[in-house]
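Each remark here refers to the structure printed beneath this line.
2 protein chains.
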Amino acid sequence: MFTERFLRDKRGAALTSEEREILENAISEVKTFGPRTTLAFTGEPLNHSTLLIEGIMSRHIDDRNGLRQLVALHVPGDFVDLHAYPLKILDHEVGTMTAVTVALVPHTRLDAITREYPELARKLWFSTLLDAAIHRAWLFRLGRLDAVGRVAHFFCEMNVRLAAAGLSDGRRFALGLTQADLGEICGLTPVHINRVMRQLREDGMCVFRSSLVEIMDPERLAARAQFDPDYLYIAKPLPGIPSSQTRPIR
Amino acid sequence: MFTERFLRDKRGAALTSEEREILENAISEVKTFGPRTTLAFTGEPLNHSTLLIEGIMSRHIDDRNGLRQLVALHVPGDFVDLHAYPLKILDHEVGTMTAVTVALVPHTRLDAITREYPELARKLWFSTLLDAAIHRAWLFRLGRLDAVGRVAHFFCEMNVRLAAAGLSDGRRFALGLTQADLGEICGLTPVHINRVMRQLREDGMCVFRSSLVEIMDPERLAARAQFDPDYLYIAKPLPGIPSSQTRPIR
DNA sequence: CGGTGAGTTGAGACGCATCAACCCCAGTGG
DNA sequence: CCACTGGGGTTGATGCGTCTCAACTCACCG
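In the order they appear, the protein sequences are chains X and U. FYI, the UniProt record's numbering numbers position 137 of the first sequence as 137, with every residue one higher than the one before it. FYI, the UniProt record's numbering numbers position 160 of the second sequence as 160, with every residue one higher than the one before it.
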């Protein structure tokens with residue numbers, strides 16, 4: 001089942017087994033790509049969307065000096081460019097970070113789904129809005145946090161998302177990123193990322209070695225990052241990570 | 001027609017007159033609110049969405065020190081929290097900047113639309129993805145631009161969006177924002193916003209006085225901001241503002 | 001006429017960028 | 001087998017951009 005991880009455990013949007021079947025049948029092709037490959041360019045019309053099965057992918061915007069800003073990072077189970085279905089043309093590039101396996105879904109089959117299965121269509125819509133919620137958390141990260149806070153916030157997010165995909169045990173996970181990549185995510189230079197990593201290491205919060213993240217103290221890391229996982233719309237509460245979901249509202 | 005401005009002139013998503021009629025009939029209520037009012041709180045379930053008719057609204061995330069990061073700013077014609085329809089619960093707050101007039105659309109009526117009018121549903125979906133594209137441009141702004149570039153980029157964006165809504169002549173428009181608000185948008189302190197404004201004024205690019213923006217030199221402002229309006233998905237080309245839409249692709 | 005919120009300006013501190021070395025290690029080819 | 005190469009990571013010195021704190025103006029309003 002290629003669609004196994006898609007929307008798994010998401011609050012109010014988990015797929016029924018029939019819906020999963022329908023989506024599975026909408027896949028036209030499964031492909032693999034090498035690391036650091038650009039799969040879709042800005043301004044180029046797309047007629048299919050990409051479900052990520054394995055590996056890590058990115059979406060990024062280039063500035064005129066050849067520098068990049070990552071606007072999203074995707075883990076297995078994410079529908080990377082489902083938003084290309086209504087938009088048709090993208091405002092950013094889509095690429096691989098690691099080697100990946102992806103499933104392609106032609107937009108014509110998504111037409112059929114929106115016509116015949118409005119409830120499944122609503123869940124696909126939900127999926128793209130979850131990406132938008134993550135965008136907003138990234139805006140908060142860049143606008144309100146200092147360098148250490150940004151990296152800490154990013155690690156907390158990836159820990160939760162990878163754990164939901166069954167790819168983190170809540171403390172350790174592989175990312176396939178370099179320190180330079182972290183810089184393009186957090187709006188910092190590679191050199192400063194390095195100093196941030198040292199500080200996080202010396203403070204006993206987490207270590208990053210050869211693209212492997214190990215979180216030593218999840219609570220302090222989350223506090224340093226002002227991280228609250230509610231925006232990820234995960235159904236079950238997460239051990240060790242405080243969430244306003246578990247506290248009374250207002 | 002309350003829905004008159006919604007998706008007007010958007011590439012590949014303009015409404016037909018029948019669709020506009022359907023949406024118009026989905027409105028249950030038209031209300032007004034005063035400036036600086038919070039209309040929806042984080043974590044609170046919503047059963048209607050809000051179409052902005054007149055005024056400026058914001059979406060923002062609070063940090064634990066009482067500081068805010070704005071994640072979106074809405075102009076007349078925007079469906080401010082349409083994403084609350086699939087999501088049900090928001091990850092941020094929704095509030096007014098100026099006095100506003102809004103139209104409320106119950107989610108039950110959106111259910112009917114997605115069941116009966118898949119093409120209109122796709123356009124509603126498009127609308128929420130346009131907001132996500134704007135989120136991404138804001139990420140680029142915060143991650144890659146310096147203080148002057150951020151403010152310049154924001155002004156360029158608002159100029160284009162307000163012009164598309166018929167509320168800017170391409171040079172002058174009202175925003176209803178203070179310098180402190182600009183700080184919460186651009187991730188800067190009010191004091192520094194003030195210095196940035198002085199620099200933009202002395203460089204002859206634009207002036208900001210009593211929440212009124214006047215752009216003296218649109219080309220230089222756009223260049224300073226690395227601004228390309230393609231991400232706003234406006235159908236017609238914009239006089240005076242360079243766009244890669246008008247250049248050959250790659 | 002005192003109060004309040006927005007805007008303005010200056011001085012000093014601090015966080016991050018920049019520039020420049022240097023190390024380590026995995027490939028690669030002679 | 002070893003020299004070479006290049007990418008990723010590490011560290012130091014220095015400079016600049018933005019923050020912080022503080023004072024002051026001005027317009028508006030009770």
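Ideal Cβ positions, reconstructed from N, Cα and C, are used throughout, including at glycine.
Using the beta-carbon of each residue, which ones in chain U are nearer than 8 Å to residue i?
i	result
residue 64 of chain X	226
residue 120 of chain X	What residue 120 of chain X touches in chain U: nothing, since even the nearest Cβ is about 11 Å away.
residue 187 of chain X	142, 143 and 144
So, helix, strand or coil for residue i, using DSSP?
i	result
residue 20 of chain U	helix
residue 60 of chain X	strand
residue 13 of chain U	coil
residue 187 of chain U	coil
residue 250 of chain U	Unreliable placement is indicated for residue 250 of chain U, whose pLDDT of 36 sits below 50; the coordinate value is still reported in the next sentence. DSSP places residue 250 of chain U in coil when its eight states are reduced to three.
residue 68 of chain X	strand
residue 126 of chain X	helix
residue 79 of chain X	strand
residue 193 of chain U	helix
residue 140 of chain X	helix
residue 27 of chain X	coil
residue 113 of chain X	helix
Near residue i, which residues of its chain fall below 6 Å by C-beta distance, leaving aside the five closest residues on each side in sequence?
i	result
residue 222 of chain X	156 and 241
residue 211 of chain U	175, 176 and 177
residue 170 of chain X	163
residue 137 of chain U	231
residue 110 of chain U	85
residue 62 of chain U	68
residue 250 of chain X	At residue 250 of chain X, the pLDDT of 36 sits below 50, so the modelled position is not reliable; the number obtained from the coordinates is stated separately. If we look at residue 250 of chain X and ignore the five residues flanking it on each side, it has no Cβ neighbours.
Would you kindly work out how many angstroms separate the C-alpha atoms of residue i and residue j, rounded to a whole number?
i	j	result
residue 191 of chain U	residue 17 of chain U	48 Å
residue 8 of chain X	residue 74 of chain X	15 Å
residue 68 of chain X	residue 59 of chain X	10 Å
residue 10 of chain X	residue 127 of chain X	9 Å
residue 80 of chain X	residue 40 of chain X	11 Å
residue 34 of chain U	residue 53 of chain U	14 Å
residue 213 of chain U	residue 180 of chain X	38 Å
residue 76 of chain U	residue 32 of chain U	13 Å
residue 4 of chain X	residue 78 of chain X	11 Å
residue 134 of chain X	residue 72 of chain X	8 Å
residue 141 of chain X	residue 124 of chain X	26 Å
residue 208 of chain U	residue 193 of chain U	11 Å
residue 168 of chain U	residue 234 of chain U	15 Å
residue 19 of chain U	residue 104 of chain X	31 Å
residue 143 of chain X	residue 42 of chain U	19 Å
residue 6 of chain X	residue 24 of chain X	11 Å
residue 196 of chain X	residue 2 of chain X	37 Å
Using DSSP's beta-bridge definition, name the partner residues of residue i.
i	result
residue 106 of chain U	U:48
residue 166 of chain U	Paired residue(s): none; residue 166 of chain U is not in a bridge.
residue 32 of chain X	X:101
residue 95 of chain U	U:38 and U:58
residue 173 of chain X	X:213
residue 73 of chain X	X:58
residue 156 of chain U	Paired residues: none, contrary to the question.
residue 234 of chain U	U:10
residue 258 of chain X	Residue 258 of chain X is absent from the structure shown; chain X starts at 1 and stops at 250.
residue 207 of chain X	X:214
residue 89 of chain U	U:45
Residue i versus chain X: which residues are under 8 Å apart at the beta carbon?
i	result
residue 252 of chain U	Given a span of 1 to 250 for chain U in the structure shown, any question on residue 252 of chain U remains unanswerable.
Can you name, in chain order, every residue of its own chain whose Cβ lies under 7 Å from the Cβ of residue i, other than the five neighbours on each side?
i	result
residue 84 of chain U	46, 49 and 90
residue 22 of chain X	113, 117 and 120
residue 247 of chain X	Only weak support is given to the placement of residue 247 of chain X: the predicted model assigns it a pLDDT of 48, under 50, and the question is left unresolved by the model.
residue 98 of chain X	35, 55, 56 and 176
residue 199 of chain X	148
So which residues of chain X does residue i contact, with C-beta pairs closer than 7 Å?
i	result
residue 69 of chain U	139, 140, 143 and 144
residue 135 of chain U	132, 135, 136 and 139
residue 61 of chain U	136 and 140
residue 129 of chain U	83, 86, 87 and 128
Counting only Cβ pairs nearer than 9 Å, list the residues of chain U close to residue i.
i	result
residue 12 of chain X	86, 87, 88 and 89
residue 234 of chain X	Correct list: empty, because the minimum Cβ distance to chain U is about 12 Å.
Might you give, ordered along the chain, the residues of its own chain that have their beta carbon closer than 8 Å to the beta carbon of residue i, omitting 5 neighbours on each side?
i	result
residue 205 of chain U	152, 215, 216, 217, 220, 221 and 224
residue 227 of chain X	152, 153, 156, 157, 221 and 241
residue 94 of chain X	38, 39, 40, 50, 57, 58, 59, 80 and 81
residue 244 of chain U	228 and 230
residue 189 of chain X	183
At 7 Å on the CB atoms, spell out the chain U contacts of residue i, in chain order.
i	result
residue 8 of chain X	Here the premise fails: no neighbours, minimum Cβ distance about 17 Å.
residue 92 of chain X	136
For a contact defined as C-beta to C-beta under 9 Å, what are the partners of residue i on chain X?
i	result
residue 114 of chain U	114, 118, 119, 121, 122 and 125
Residue i: beta carbon under 8 Å from a heavy atom of the ligand COA?
i	result
residue 43 of chain U	With respect to the ligand COA, the structure offers nothing, as it holds no ligand at all.
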